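Notes follow once the structure below has been shown.
And the structure:
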């Protein structure tokens, strides 16, 4: 009888040690780990070079004209926004002459649109991502992941693309540029417009 109890006790000890030595990860944890390995940098690189640079952009002149006549349809066709509201992001293109450069802010004399500002220093936030219309919130499970796309995209433009491009232009040069702007439905495009650039080239 004592041997029987000793056997049962030994079996319980073995099972207890075995249970504690095996660690089962929850499926959600495994999936989260896989998501953490997602290469946001490569994804943003593809969005920029294969999407933004090659996508059609509305000229600032055309956008200004259409906003005066039919703001609502213009917003629906060319503007991109995550929710409902009076503001939207637009990916535009235009040309102009550099008349001032100060701390990364380029002042451009746009013959058809007046004075335009291009901010080459503070390329942050979601303007480029949202204006492109190429990235959907539903593609990602969390806002944090969605925002990582913006961070990677901004990093490519701010630290790689724009520095190379502005090194080739100087005060007095005529340039063509693409970028994101945020507009309100009731906004007059003759007001101060600041462009977050996606590309700057000599004209």
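In my numbering, the protein residues as written are 350 to 552. Even for Gly, the Cβ is constructed at its ideal location relative to N, Cα and C. Bear in mind that the values here come from a model prediction, so they are computed numbers and not experimental data.
Is residue 423 helix, strand or coil when you go by DSSP? helix
Using DSSP bridges, identify the partner residues of residue 466. DSSP lists 456, 543 as partners of residue 466.
Let me confirm a value: residue 391 is counted as buried when at least 16 other C-beta atoms fall within 10 Å, else exposed. Which label applies? exposed
Taking all protein chains shown into account, do 16 or more other C-beta atoms lie within 10 angstroms of the C-beta of residue 433, making it buried, or fewer, making it exposed? exposed
For the region 501-517 and the region 413-421, state whether three or more C-beta atom pairs, one from each stretch, are separated by less than 8 Å. no
In angstroms with no decimal places, state the Cα-to-Cα distance between residue 480 and residue 527. 11 Å
Is it the case that the region 448-467 contacts the region 529-548, given that we only count it when at least three CB pairs across the two stretches are under 8 Å? Segments in contact, yes.
Please list, in chain order, all residues of the same chain as residue 472 whose beta carbon is under 8 Å from its beta carbon, the five residues on each side excluded. 503, 506, 507, 511, 545, 546
What does the alpha-carbon distance come out to for the pair residue 554 and residue 484? The displayed coordinates of the chain run from 350 to 552. Any statement about residue 554 would go beyond what the structure contains.
Residue environment, residue 532, which counts as buried when at least 16 other CB atoms sit within 10 Å: Buried, by the Cβ-count rule.
One or two residues paired with residue 525 in a DSSP bridge: 444, 550
Between 459, 424, 404, which lies nearest to residue 448 when the distance is taken from Cα to Cα? Considering only alpha carbons, the answer is 459.
Closest to residue 498 by CA distance: which of 509, 518, 519, 475 is it? 475
Taking 8 Å as the threshold (C-beta atoms), are residue 521 and residue 399 in contact? no
Roughly how many whole angstroms lie between the Cα atoms of residue 386 and residue 541? 41 Å
In whole angstroms, give me the CA-to-CA distance for residue 379 and residue 393. Residue placement at residue 379 is poorly supported in this model, since its pLDDT is 40, which falls under 50; the coordinates still yield a value, given next. For residue 379 and residue 393, the distance between alpha carbons rounds to 24 Å.
Determine the DSSP secondary structure at residue 471, reduced to helix, strand or coil. coil
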